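What follows is a set of notes on a single structure, which appears directly below.
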Amino acid sequence: MKTLIKNATVMLPDGPSKTSVLIDGATIVEIDPADSVEADETVYAYGMHLLPGVIDAHVHMRDPGGTDKEDLRTGSMAAAKGGVTTFLDMPNTSPATISQKMLEEKLTLASVKSVVNYGFFVGATLDNMAELKKVTRTPGIKIYMGSTTGDLFLKDPGMLEAIFAETKLPIAVHAEDENIITRNLEELGLTRNVTDHSKIRTPEAEASAVRKAVALAKEYKHRLHLCHMSSELALAEFEDHADLITAEVTPHHLFLNESDYMNLGTLAQMNPALKSASDNAALLQALLDDQIQIVATDHAPHRFEDKCQRYPDSPSGVPGVETALPLMLDLVHKEKCTMEDVVHWMCEGPALVWDIMEKGRIEVGYDADLVLVDMNKTVALRGPHMQTKCRWTPFEGREVTGWPVRTWVCGKEVYREGEFDLSRPGVEVMFDHSRGGYWAGIDG
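Our numbering numbers the first residue of the sequence shown as 687 and each following residue consecutively.
Listed below in structure tokens is the structure:
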């Protein structure tokens, strides 16, 4: 089937252009085609922006083992609604994704449930080095340097170093120093006040773990990605990226801070914890300066009734896969960044960091993963209107201007203004790690 998306402001690799895009099957085949071109469907997109589909490189779809919170069907539908056409899922499911066998079982599950494209990280444990050395079909290895949801916390510093020394795949880390967290917990004692969460998981805990991970990456010349940066203090630890180190920030660490506990309570509880308003500003500046390369959501849904338990019985994590793009488009509306910035941080950048083939750009020969955005549409974010199974958002009531209205995955329109087409699943993402990651791609 041929689809012509006509007269949009198309976000091309060299900037925006008012033009048209022709899709044939799953592929972009022509940009600015002749007026005489024939198509099975024509989408008149005047006044709209056409973006590459968002690649969310950090999600927790809770499938298998936590499907009361989310599953690959509901989570991927939420992704499609939010303009996300590809997600990379973390390994702390139940059972955890720590072997080729478990990885392939997850890929098979996604092949029948996911509406959008997908990939899965493999998790590091104290005793799966053999698997980490040989595993394929994955963006990389995820290491939890601090305890969080699940049981993949890597306690042994010797094993941490061995993974950097002996494996080849890119490494993503959850960087929080467990020793500092434990010491803070002991000093505070038993607390039922959620605001203490930020006194336990401090900027010092993040900066200490980042420092250790960066040192190992440089010593062994091993590609390292720092997940969900949350503090200005940690930024100083990777000013020199050495062509090895990349980082991400989440919308909740960009837009929420410790003052939000007052209104949100435990709904604002996540790992790493919220920091200060000055940290918000520093993180945005780091994005603008290319010290942080991508925006990812750390989409981590929990049932509302579980989140509303009293701290510390309340679990950490917030949903975000369908609100991230609108929140970033609202930054464009407020002239805090450009549309080109958003496309780089959420589309092209993640493809470069994780060596994803044929995605992240509107270019002839690339996959037709696309999202049509209405920059004149203002929406108040409301939990009951969310597609995610958990049906709540920490951004409840926030008005955003800029909204994804139609989403295509491999040339197939899967979402249009509240309606889904579930007739064809997304596909497994392909990785070519010989590309060398973000810095090789930027330099190239």
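Ideal Cβ placement from N, Cα and C applies to all residues, glycine included. Here the structure is a predicted model, which is why all the values come from computation and not from measurement.
Query: Going by DSSP, what residue range makes up the alpha helix (DSSP H) through A796?; Result: Q786 to K799
Query: To the nearest angstrom, how far is the alpha carbon of T824 from that of G805?; Result: 6 Å
Query: Should the segment 889-908 be called in touch with the segment 972-984, which here means at least 3 C-beta pairs below 8 Å?; Result: no
Query: Measuring straight from C-alpha to C-alpha, what distance separates V1133 and W1031?; Result: Residue 1133 falls outside the range modelled here, since the chain spans only 687 to 1130, and no answer is possible.
Query: Using the beta-carbon count (16 or more within 10 Å), is P987 buried or exposed?; Result: buried
Query: Cβ of L774 within 8 Å of Cβ of C1033?; Result: no
Query: Decide if F990 is buried, meaning its Cβ has at least 16 other Cβ atoms within 10 Å, or exposed.; Result: exposed
Query: Buried or exposed: where does K841 fall if 16 or more other Cβ atoms within 10 Å of its Cβ makes it buried?; Result: exposed
Query: Measuring CA to CA, which of S762, T728, E864 and L902 is closest to R1110?; Result: S762
Query: Grab the span of the beta strand (DSSP E) containing W1094 for me, first residue to last.; Result: E1085 to V1095
Query: Taking the alpha carbon of Y732 as the point to measure from, which residue in S703, T783, V715 and N693 has its own alpha carbon closest?; Result: N693
Query: Should the segment 1046-1066 be called in touch with the segment 1079-1096, which here means at least 3 C-beta pairs below 8 Å?; Result: yes
Query: In whole angstroms, what separates the C-alpha of Y1101 from that of K704?; Result: 23 Å
Query: Could you tell me which of I714, V1018, L950 and Q977 sits nearest to I691, measuring between CA atoms?; Result: I714
Query: Ignore the nearest five residues each way along the sequence and tell me which others in A1054's own chain have a CB closer than 7 Å to its CB.; Result: I709, A712, T713, I714, W1094, C1096 and G1097
Query: Just to confirm my understanding: we take T983, look at its own chain, exclude 5 residues before and 5 after, and list those with CB closer than 7 Å. What are they?; Result: D742, H744, V745, T936, P937, G1006, V1007 and A1010
Query: Looking at C-alpha atoms only, which residue of H883, L921 and T771 is the closest neighbour of S1002?; Result: H883
Query: Measure the CB-CB distance between T811 and I827 and report whether it falls below 8 Å.; Result: no
Query: If you follow the beta strand (DSSP E) that M697 is in, where does it begin and where does it stop?; Result: K688 to L698
Query: Could you pull out every residue in the same chain whose Cβ sits closer than 6 Å to the Cβ of W1125, ignoring the five residues on either side in sequence?; Result: D929
Query: Could you pull out every unbroken beta strand (DSSP E) segment of at least 3 residues lying fully inside the segment 975-1001, listed in chain order?; Result: none
Query: What residues in its chain sit with their C-beta under 6 Å from that of D965, if we drop five residues either side in the sequence?; Result: S917 and E918
Query: Mind reading off the beta-carbon distance from S962 to N943? Whole number of angstroms is fine, and I expect it under 8 Å.; Result: 6 Å
Query: Please classify M1061: does DSSP put it in a helix, a strand, or coil?; Result: strand
Query: Does the segment 756-772 come close enough to the segment 791-808 that 3 or more CB-CB pairs lie under 8 Å?; Result: yes
Query: Once you ignore the five residues that flank P781 on each side, which residues in its own chain have a CB closer than 8 Å to its CB?; Result: P750, G751 and M788
Query: Which first and last residues belong to the beta strand (DSSP E) in which E724 is found?; Result: Per DSSP, E724 belongs to no beta strand (DSSP E) and is neither H nor E.
Query: Please report the straight-line C-alpha distance between S833 and P856, rounded to a whole angstrom.; Result: 21 Å
Query: I need the boundaries of the alpha helix (DSSP H) containing E1026, first residue and last residue.; Result: M1025 to V1029
Query: With respect to the beta strand (DSSP E) encompassing I857, which residues constitute its N-terminal and C-terminal limits?; Result: I857 to H860
Query: Helix, strand or coil, according to DSSP, for L838 in the structure here?; Result: coil
Query: Give every residue of the same chain whose Cβ lies closer than 6 Å to the Cβ of E716, excluding the five residues on either side of it in the sequence, and list them in chain order.; Result: L708
Query: Would you mind reading off the limits of the beta strand (DSSP E) that contains L910?; Result: L910 to L912
Query: Counting along the chain, where does the beta strand (DSSP E) carrying D1055 start and finish?; Result: That residue, D1055, is in no beta strand (DSSP E); it is neither H nor E in DSSP.
Query: Within 10 angstroms of its Cβ, does K820 collect 16 or more other Cβ (buried), or is it exposed?; Result: exposed
Query: Reducing DSSP to helix, strand and coil, say where H927 ends up.; Result: coil
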